[in-house]
Amino acid sequence: MSFVQQASSGSAAAAQGALGNDAKDIEDRFLKLLVAQLKNQDPLEPMDNAQVTSQMAQLNTVTGVQNLNKSMQELLGSFESSELLRATSLIGGTVVVDGNRVGVVEGQSTFAGFQVESPVNNARFEVVDALGKTVYEQELGGRSRGNHEVSWDGRDSSGDQVAPGVYQFRVTTENGGARTPLRTFETRQVFGVNTEGDGITLNIGGGESVDISEVVEFGA
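In our numbering, the protein residues as written are 22 to 241.
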């Protein structure tokens, strides 16, 4: 009979219920139950060393798990603190996230990102205005697997400067005579950090936020 599973006396059972569940309390409980079991053992069939050793091993397993859980909680807390520190350091900087918008400021180039899952030969970059009209188009040619970036100077296909503002873009590749869209990324500024609920989210303006785990690239 294992003392971890069953107390051998009523007083020992009461003591077990009164004790806590941390590693130190488990050790105290072990000693109380072991003493109670020894006092109430059958004199004709006393416990041998093997039984005591087995029960000590059970105690070591239980307390080991308790200590491991405590260590994991401490490690998790340290990781969360590190993530929060990292997140707050991003305020005022930029991150790359899933999206398809580019902002135009006269005289400045803007960058758009996209992802290729398998090599393509005919990628195309297009910028459209608020009405869905294509204002700029560029053939990018072949692209290997991975993340890529394309620069746009804010001029239309005729070379004229477009009006400042926010535009949408898309990157496509030809597949069986049809254009297939690729995953695209946009660069956003970080205005704040939110720790409410699960995880850490970044305030990226316009009433939008993104979970820090969804950021594709930091400090772009």
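Beta carbons are placed, not taken as given, at the ideal position from N, Cα and C, and that holds for glycine.
Do you know offhand how far residue i's Cα is from residue j's?
{"i": "Gly240", "j": "Phe206", "result": "14 Å"}
{"i": "Ser230", "j": "Thr222", "result": "6 Å"}
{"i": "Ser234", "j": "Arg50", "result": "43 Å"}
{"i": "Glu138", "j": "Val192", "result": "13 Å"}
{"i": "Tyr188", "j": "Asp119", "result": "15 Å"}
{"i": "Gly113", "j": "Ala151", "result": "27 Å"}
{"i": "Gly153", "j": "Val214", "result": "33 Å"}
{"i": "Arg204", "j": "Asn224", "result": "22 Å"}
{"i": "Glu277", "j": "Gly218", "result": "Any property of residue 277 remains undetermined from this structure, which presents the chain solely from 22 to 241."}
{"i": "Thr155", "j": "Gly180", "result": "14 Å"}
{"i": "Val237", "j": "Gly197", "result": "30 Å"}
{"i": "Arg166", "j": "Phe135", "result": "11 Å"}
Would the beta-carbon of residue i fall within 8 Å of that of residue j?
{"i": "Thr131", "j": "Gly175", "result": "yes"}
{"i": "Ser178", "j": "Tyr157", "result": "yes"}
{"i": "Thr194", "j": "Leu105", "result": "no"}
{"i": "Ala133", "j": "Val123", "result": "yes"}
Where does residue i land, buried or exposed, given buried means 16+ other C-beta within 10 angstroms?
{"i": "Asn121", "result": "buried"}
{"i": "Val148", "result": "buried"}
{"i": "Thr201", "result": "exposed"}
{"i": "Ala199", "result": "exposed"}
Flag residue i as yes when its Cβ comes closer than 7 Å to any non-hydrogen atom of the ligand ADP, and as no otherwise.
{"i": "Glu170", "result": "The ligand ADP is absent from the structure shown, which contains no ligands of any kind."}
For the region 137-144 against the region 101-116, are there 3 or more C-beta pairs whose distance is under 8 Å?
no
Just checking, does the region 114-132 make contact with the region 172-187 on the three C-beta pairs under 8 Å criterion?
yes
Touch test, the region 209-217 against the region 152-164, Cβ-Cβ under 8 Å, three pairs minimum:
no
Hey, which unbroken runs of the alpha helix (DSSP H) at 4 residues or more fall wholly within the region 101-158?
none
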